[in-house]
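So for the sequence shown, this note's numbering puts the first residue at 1; every next one is plus one.
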Amino acid sequence: MTQENTQRLGIVVSGSLNKGIEVKLDSSASVEDMAVGRYVTIEGNKRRFFGMITDVSLGVIDQKLTLTPPDVSDPLIAEVYY
1 MTQENTQRLG
11 IVVSGSLNKG
21 IEVKLDSSAS
31 VEDMAVGRYV
41 TIEGNKRRFF
51 GMITDVSLGV
61 IDQKLTLTPP
71 DVSDPLIAEV
81 YY
């Protein structure tokens, strides 16, 4: 099998047969490129799995950021967040 046209999207952080898998998006991948219905492959140590993106969600590590978002008009803060 060749590795043509592959892009690392992220790392699997959890999963189940009923709920599917959860992937933490890699910093080199854009959330804007993730689309429901997009086909993906999951590279395991021994096997390759074929799947489809069925949901995309955004989250924060610190919930306080949702209450008082940072001022991204400040160039330094914008650089850190983007």
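Built from N, CA and C at the ideal position, the CB exists for glycine as well.
Beta-bridge pairing of residue i - partner residues as DSSP gives them
i     : result
Ile21 : Gly15
Ile42 : Phe49
Gly10 : Leu25
Close Cβ partners of residue i (< 7 Å) along its chain, the five nearest in sequence each way excluded
i     : result
Gly20 : Thr54
Val80 : none
Gly15 : Ile21 and Glu22
Own chain partners of residue i with C-beta closer than 6 Å, once the 5 adjacent residues on each side are dropped
i     : result
Asn18 : none
Val12 : Ile21 and Val23
Arg8  : Asp26
Met1  : Residue placement at Met1 is poorly supported in this model, since its pLDDT is 47, which falls under 50; the coordinates still yield a value, given next. Once the five neighbours on either side are set aside, Met1 has no close Cβ partner at all.
Pro70 : Ile77
Which listed residue (the options) has its alpha carbon closest to that of residue i
i     : options                      : result
Phe28 : Leu67, Thr6, Gly10 and Asn45 : Checking the sequence, you will find Ser at residue 28 rather than Phe. Nearest option by C-alpha distance: Gly10.
Val56 : Gly37, Ser14 and Thr66       : Gly37
Ala35 : Asn45, Arg47 and Gly51       : Gly51
Contacts around residue i, its chain only, beta-carbon distance under 8 Å, and the 5 residues preceding and following it disregarded
i     : result
Ser30 : none
Pro75 : none
Proximity test, Cβ basis, 8 Å: residue i and chain B
i     : result
Thr66 : Chain labels in this structure do not include chain B; a single protein chain is all it has.
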